[in-house]
Amino acid sequence: MHYKDVLEPLNKQTSIRDKLVHCHKVVQQHCPAIARIAVTIYDPATTVLKTYIHSSGEDNPLSIYQAPLDEAPSLKAILDKGEPRVINNMLTFEKVEHEHTKRIGRQGYAASYTLPMFYNGNFFGFIFFNSYETDIFTEKVLNELDIFAHLISLMVIDELSTLRSLTAALSTAAHITHQRDPETGSHLDRMSRYSQLIARKIAGKYQLTDEYVEHIFMFSPLHDIGKVAIPDRILLKEGSLDEEERRIMNTHSDKGLEIIDHMIANFNLSSLQYLDVLRNIARYHHEAINGEGYPEGLEADAIPLEARIVATADVFDALTSARPYKKAWDIDAAFAELKALAGIKLDADCVQVLIDNHDEVKQIMAQFAENSIG
6 MHYKDVLEPL NKQTSIRDKL VHCHKVVQQH CPAIARIAVT IYDPATTVLK
56 TYIHSSGEDN PLSIYQAPLD EAPSLKAILD KGEPRVINNM LTFEKVEHEH
106 TKRIGRQGYA ASYTLPMFYN GNFFGFIFFN SYETDIFTEK VLNELDIFAH
156 LISLMVIDEL STLRSLTAAL STAAHITHQR DPETGSHLDR MSRYSQLIAR
206 KIAGKYQLTD EYVEHIFMFS PLHDIGKVAI PDRILLKEGS LDEEERRIMN
256 THSDKGLEII DHMIANFNLS SLQYLDVLRN IARYHHEAIN GEGYPEGLEA
306 DAIPLEARIV ATADVFDALT SARPYKKAWD IDAAFAELKA LAGIKLDADC
356 VQVLIDNHDE VKQIMAQFAE NSIG
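Residue numbering for the sequence shown follows our numbering, starting at 6 and increasing by one per position.
Listed below in structure tokens is the structure:
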């Protein structure tokens, strides 16, 4: 008997979103009324839920969106109970005040099934099944959806855990090699969230996906990984660098790319999506809009967007951070400097996002402030 494995496409080298779309098609063979499957992921450092992937094509009411879990009491109740939630008639949620629920309601979904995702006992996010029809989530349907929910959960967790293992390995290598590097863990926490903020706010203009934004968040702290190859006599020099020392320092962008490619090969991770985003961040975050940066002297839009985002976040945090050789600038002075650099060294759109989101920037600064030991 000839039989075709309906989930065989999951074995192919493709994006996690494409795999989710295929799972959705298979789910619809069992339950045609399922109109959308979506996944949100959780950031435990900020207790924020972030949209990540969905299967509904252009018909998607919720993307590039995040909110604290405490602002979603119905979802928090799911987590507190550790059990899934079935809503067979969304009319019961008509009077809610939360933006994400309003968007779902405006889309016209009539029923939903929501499950929490866990990894080694730790909360990882939620999976949502939505339908335009009421009363479709019978016990039989739920039993079948549970199987797909756990499959999707494992795919997402495997993908993100693998990427996080790669970034952790690179970060650990940098920390071991340069324990005295003045760039602290708090600096990396802040600049990664500034980078994420910029990516979210320009997503509409540049048609960015939730996946892209999340990878910006994960990869931005590795922008200076190449500094592990720079001698301490140069990296930690208190005074100005001479011409030869500056030339050696500037090689860290190329060294970063070499280290990343070596790690990807050693971990056999070449099939992962968005690795070019990581490569571009490491190599091009010192390019300048006017073409006077390095290593290639790229100009304007020739500089990869992810590198422009990270460059802006990095410069802002450098200005507002205290170092042995300087005091921290206040936020308004730093914004004034960013304005002066916009369109010359830094991307004007990226600069404007930070300036326009003063309160969120201040919140990041406060939440990840330096402590007495850096």
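Glycine residues also receive a C-beta, built at the ideal position from the N, C-alpha and C atoms.
Remember, it's a predicted structure, so these values are computed and weren't measured experimentally.
Given a cut-off of 9 Å on the beta-carbon distance, is the pair His-257 and Gly-231 in contact? Their beta carbons are under 9 Å apart, which means His-257 touches Gly-231 by this criterion.
I need the DSSP call for Arg-185, collapsed to helix, strand or coil. In this prediction, Arg-185 scores a pLDDT of 46, lower than 50, which makes its location untrustworthy; the coordinate-derived value is nonetheless stated afterwards. If DSSP states are grouped into helix, strand and coil, Arg-185 belongs with coil.
In chain order, what residues of the same chain have a beta carbon less than 8 Å from the beta carbon of Ile-336, not counting five sequence neighbours either side? Cβ within range, chain order: Thr-325, His-363, Val-366, Lys-367 and Met-370.
CB-CB under 8 Å to Ser-377, same chain, minus the five flanking residues each way: which ones, in chain order? In this prediction, Ser-377 has a pLDDT of 45, which is less than 50 and means its spatial position is unreliable; nothing more can be read from the coordinates.
To the nearest whole angstrom, what separates the beta carbons of Ile-58 and Asp-215, a pair I think is in contact under 8 Å? Between Asp-215 and Ile-58 the Cβ distance is about 6 Å, and since that is below 8 Å, they are a contact.
Would you be able to state if there are at least three C-beta pairs under 8 Å between the region 191-211 and the region 88-97? No, the region 88-97 does not touch the region 191-211.
Using a Cβ-Cβ cutoff of less than 8 Å, which residues in the same chain neighbour Tyr-199 once the five nearest sequence positions on both sides are dropped? Here the set comprises Thr-317, Ala-318, Phe-321, Asp-322, Leu-359, Val-366 and Ile-369.
Contiguous beta strand (DSSP E) assignments of at least 3 residues, all confined to the region 122-174: The qualifying runs are 127-136.
Under 9 Å between the Cβ atoms of Ile-132 and Ile-42? Yes, these two residues count as a Cβ contact at 9 Å.
Rank Gln-112, Ser-170 and Lys-81 by C-alpha distance to the C-alpha of Met-95 and give the top, closest one. It is Gln-112 whose Cα lies nearest to the Cα of Met-95.
With a Cβ-Cβ cutoff of 9 Å, do Ile-21 and Phe-134 count as a contact? Not closer than 9 Å, so no.
Once you ignore the five residues that flank Phe-129 on each side, which residues in its own chain have a CB closer than 7 Å to its CB? Taken in chain order, the residues that qualify are Ile-46, Tyr-47, Met-122, Phe-123 and Ile-162.
DSSP has Arg-90 in a bridge; who is on the other side? Arg-90 is bridged by DSSP to Thr-119.
Rounded to a whole number of angstroms, what is the C-alpha to C-alpha distance between Leu-310 and Glu-304? One C-alpha to the other measures close to 12 Å.
State the Cα-Cα distance for the pair Glu-342 and Asp-85, rounded to the nearest angstrom. Approximately 45 Å between the Cα atoms of the pair.
For Val-44, report the span of its alpha helix (DSSP H) as first-last. First-last for Val-44: 39-48, but that is the beta strand (DSSP E), not the alpha helix (DSSP H).
Under 9 Å between C-beta atoms of Glu-375 and Ala-327: In this structure, Glu-375 sits near Ala-327, with a CB-CB distance shorter than 9 Å.
For Glu-219, is the classification buried or exposed, using 16 other Cβ atoms within 10 angstroms of its Cβ as the cut-off for buried? Classification of Glu-219: buried, given that the 10 Å Cβ count is 16 or more.
For the beta strand (DSSP E) containing Ala-72, name the first residue and the last one. DSSP places Ala-72 in the uninterrupted beta strand (DSSP E) bounded by 71-73.
Complete runs of the alpha helix (DSSP H) confined to the region 183-251 [at least 4 residues]: If only uninterrupted alpha helix (DSSP H) runs of at least 4 residues are considered, those enclosed by the region 183-251 are 190-206, 208-211, 215-224 and 237-240.
Check the DSSP bridge columns for Arg-328 and list the partner residues they point to. As DSSP reads the structure, Arg-328 sits in a beta bridge with Lys-331.
Could you give the residue range of the beta strand (DSSP E) that holds Lys-260? First-last for Lys-260: 257-272, but that is the alpha helix (DSSP H), not the beta strand (DSSP E).
Since Met-268 contacts Ala-174 with CB under 8 Å, what's their CB separation in whole angstroms? Contact annotation, Met-268 with Ala-174: C-beta distance approximately 6 Å; criterion of less than 8 Å satisfied.
Can you tell which of Lys-145, Tyr-8, Thr-143 and Ser-166 has the C-alpha that lies nearest to the C-alpha of Asn-125? It is Ser-166.
When DSSP labels each residue in this structure, what does Ile-308 get in the three-state scheme? Note: Ile-308 maps to coil in three-state DSSP.
Flag this pair as touching only if the region 242-261 and the region 273-293 have three or more C-beta atom pairs under 8 Å; answer yes or no. The region 242-261 vs the region 273-293: in contact.
Can Met-223 and Leu-168 be called in contact, C-beta distance under 9 Å? Cβ atoms of Met-223 and Leu-168: closer than 9 Å.
Using the C-alpha atoms, what's the distance from Arg-313 back to Leu-351? One Cα belongs to Leu-351, the other to Arg-313, and the distance between them is close to 7 Å.
Assign Arg-185 to one of two classes, buried (16 or more other C-beta atoms within 10 Å of its C-beta) or exposed (fewer than that). Note on Arg-185: pLDDT 46, under 50, position unreliable in the model; the coordinate value appears next. Flag for Arg-185 reads exposed.
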